[in-house]
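In what follows, a single structure is set out as structure tokens and then discussed.
Residue numbers (this note's numbering), protein chains in the order written: chain A, 554 to 784; chain B, 14 to 500.
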């Protein structure tokens with residue numbers, strides 16, 4: 554990664570492109586923009602960016618398809634932008650490999666926070682190393698050693714609880730859809746049984762969060778899935 | 014029926030002949046004491062009586078009487094020969110009188126029959142048009158017409174098709190097995206037409222052809238029904254026009270509400286943005302922070318308004334189908350509270366939603382929105398510093414009851430029902446912001462889940478209540494086998 558992270562923004566709204574370019578350049582990012590899906594795919598191949606910001610309402614290609622075609626050859630983090638009324642498209646894009654989403658209209662702090670998470674992820678993806686120990690506040694999760702400590706004290710987790718936490722922690726900062734969590738932690742046949750996920754998440758929060766009702770690590774993404782927050 | 018008619022007329026002819034024969038017999042016995050003119054007069058009686066049965070029997074009786082009178086009573090007896098000129102005259106006069114009587118009586122009879130038939134027709138028509146009056150539904154019209162046709166014409170098959178021009182699917186009535194009369198039968202097809210065009214058709218299967226009178230009656234039935242169909246069509250068009258007018262009225266209420274609500278934040282944003290651009294506001298000043306804060310807040314407000322409008326239109330078009338999955342209500346409430354913490358910082362929140370409630374089959378995002386709208390409504394009306402309470406319990410009837418209550422002013426009983434109506438406001442519009450859609454969206458969502466929503470005044474609080482059924486496709490909440498053994 555160069556000193557100036559390279560962001561590719563694919564959006565057909567000139568006003569959004571203008572605003573994002575101005576703000577991101579101000580924040581010392583290098584910005585490339587595309588207003589069509591095909592153009593975005595070509596630019597991503599010609600000059601691989603560190604993060605891709607992709608609007609789901611493109612005139613030529615379905616956002617989900619752009620995600621799928623990018624994922625054929627690159628692990629570059631993708632943040633999708635969606636309108637509130639296109640929940641399903643958002644989930645579909647995440648299932649196709651997008652890392653995160655933002656609902657329009659969004660605040661710039663929110664976007665910058667997502668970019669920071671994505672860039673960390675991007676660095677990991679490029680180093681091709683998987684972190685084996687994930688630290689978040691007073692939690693330390695040793696993925697290889699199957700040990701979780703909170704304030705230095707070991708937390709006893711059941712096998713399923715650990716698999717769930719490990720999957721979320723290994724993808725720290727990313728939004729994981731219900732479907733992808735169920736397929737990874739339980740069984741690909743169980744992708745519609747969200748109730749398992751809800752119940753085990755409640756168990757995990759009781760064991761790991763200071764206030765299980767106001768979680769800070771294990772966050773619910775309404776209608777989409779869950780996210781493990783590191784900072 | 015015409016076969017029966019032939020039989021009965023044959024009977025009348027026979028009766029006429031018998032009547033003459035009987036009269037001749039009786040008079041023959043009494044001939045000693047009766048004069049010839051008296052006998053002639055007596056013969057007129059059976060002629061008149063026979064003429065009542067029709068012109069044919071009357072004339073038959075007249076000629077038979079003439080022959081019998083001549084044969085039995087005019088000299089020379091038992092021949093048809095007449096010697097005296099006077100007798101010839103008597104016979105001629107007799108014949109003329111007999112024929113005239115039978116003609117007059119016969120005509121009177123047949124015109125009475127015609128009058129009766131006309132009256133019957135008129136009665137049938139009257140009964141039909143009375144039955145059709147006020148019918149607005151095509152299949153009702155078809156059924157009514159069909160029943161009357163059956164009663165009057167006794168058809169073997171009947172099929173009625175009502176389909177005014179431009180009407181997609183026809184209304185049909187075919188109680189006797191529908192169209193396709195057997196080949197041996199005559200099928201009468203009559204179109205229902207009005208000056209506006211074809212309204213439908215009648216297919217009537219009968220063993221024989223219809224009499225001209227019945228043909229005419231059938232046409233009159235068709236005409237009456239066509240008019241009824243036309244009336245129904247016009248009435249439906251009128252109803253549609255009223256519905257359109259009502260929806261127009263709602264749309265303009267929406268537009269005026271929306272333009273007012275959207276323009277207020279726009280005015281703030283415009284003022285703040287132009288002020289910041291003008292360079293009059295120093296970089297490091299409190300005013301600058303205030304202006305930027307105002308822009309940010311007003312944009313959020315506009316975003317909520319637009320969201321409400323979208324939700325309302327989705328509810329109205331039936332596109333807001335809940336994606337029901339087994340969820341933990343406490344988790345949903347927790348998410349809502351976390352996001353509303355800032356908005357609710359001037360109120361106290363008292364949350365009583367047990368973790369161990371049964372799993373609820375709800376759309377997470379939609380129930381989140383119901384709670385958000387109810388809490389934000391409470392925040393708007395309850396004075397700062399008071400408590401907003403969120404309370405959930407299972408009811409006895411397989412549902413969860415959620416109550417969001419606040420210490421705001423009570424609502425007059427007549428408003429309690431209507432506060433969930435679109436654009437309904439208890440308070441004057443300029444005192445409280447919002448589109449007047451938040452509560453009606455709650456109602457739309459709760460009802461889409463099969464639940465109920467209502468508002469009530471408690472002794473010291475005002476409360477919104479809603480229920481969420483606990484069954485999904487007839488299934489009760491699952492209780493999952495949760496592992497308890499740590500690894």
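No residue lacks a Cβ here, since even glycine has one placed at the ideal position from N, Cα and C.
Around residue 386/B, no beta-carbon contact reaches into chain A at under 8 Å, the shortest distance being about 15 Å. Here residue 724/A is buried. Its C-beta has 16 or more other C-beta atoms within 10 Å. Within chain B, 347, 350, 351 have C-beta atoms less than 8 Å from the C-beta of residue 767/A, given in sequence order. Taking every protein chain shown into account, the CB of residue 753/A has 16 or more other CB atoms within 10 angstroms, so this residue is buried. The beta carbons of residue 777/A and residue 644/A sit closer together than 8 Å. Between residue 696/A and residue 708/A, the C-beta gap is not smaller than 8 Å, which leaves the two residues out of contact. In terms of CA proximity to residue 603/A, 673/A leads the group 740/A, 673/A, 710/A. If you ignore the 5 residues before and after residue 346/B, its C-beta comes within less than 8 Å of the C-beta of 364, 366, 384, 403, 405, all in its own chain and listed in chain order. Distances from the alpha-carbon of residue 487/B to those of 308/B, 176/B, 429/B, 374/B put 374/B closest.
Minimum Cα-Cα distance from residue 711/A among the listed residues 728/A, 759/A, 664/A corresponds to 759/A. According to the DSSP assignment, residue 482/B belongs to the beta strand (DSSP E) that extends over 475-482. In this structure, 650/A is the residue among 614/A, 617/A, 607/A, 650/A with its C-alpha nearest to the C-alpha of residue 628/A. By the Cβ rule, the stretch 158-178 of chain B counts as touching the stretch 213-222 of chain B, because three or more pairs are nearer than 8 Å. Look at residue 712/A: its C-beta is under 8 Å from a C-beta on chain B. Using a C-beta cut-off of 8 Å, the stretch 141-156 of chain B makes contact with the stretch 232-248 of chain B, since at least three inter-stretch Cβ pairs fall below that distance. For residue 311/B, the nearest beta carbon of chain A is not closer than 8 Å to its own beta carbon. In the assembly as shown, residue 324/B is a buried residue. Its beta-carbon has 16 or more other beta-carbons within 10 Å. By the Cβ-count criterion, residue 571/A is exposed, with fewer than 16 other Cβ atoms from all chains shown falling within 10 Å of its own Cβ. If you check the CB distance, residue 119/B and residue 169/B do not come in under 8 Å. Contact annotation: the stretch 271-284 of chain B does not touch the stretch 178-188 of chain B, with fewer than three C-beta pairs closer than 8 Å. Under the Cβ distance rule, residue 206/B does not count among the residues neighbouring chain A, no pair being separated by less than 8 Å. Residue 358/B and residue 293/B have their C-alpha atoms spaced approximately 33 Å apart.
DSSP, reduced to helix, strand and coil, places residue 211/B within a strand of the structure shown.
When 8 Å is used as the limit between beta carbons, residue 658/A is near these residues of chain B: 312, 316, in chain order. When DSSP states are grouped into helix, strand and coil, residue 224/B belongs to the coil group. The residue from 50/B, 48/B, 73/B, 60/B with its alpha-carbon nearest to that of residue 23/B is 73/B. Among the residues facing chain A, residue 400/B is not included, as its CB has no counterpart in that chain under 8 Å away. In this structure, the straight-line span from the alpha carbon of residue 116/B to that of residue 93/B is close to 25 Å. Under the three-state reduction of DSSP, residue 688/A is assigned to strand.
Annotated three-state conformation of residue 84/B is helix, per DSSP. Spanning the alpha carbons of residue 159/B and residue 208/B requires a straight line of approximately 23 Å. Going by C-alpha positions, residue 178/B is about 13 Å away from residue 245/B. Between the stretch 445-465 of chain B and the stretch 315-334 of chain B, the count of Cβ pairs shorter than 8 Å is three or higher; the stretches touch.
Counting every other CB atom within 10 Å of its CB across the protein chains shown gives residue 663/A a total below 16, marking it as exposed. In summary, residue 652/A is buried, with 16 or more beta-carbon neighbours lying within 10 Å of its beta-carbon over all protein chains present.
Neighbourhood of residue 776/A in chain B, by CB distance below 7 Å: 377, 378, in chain order.
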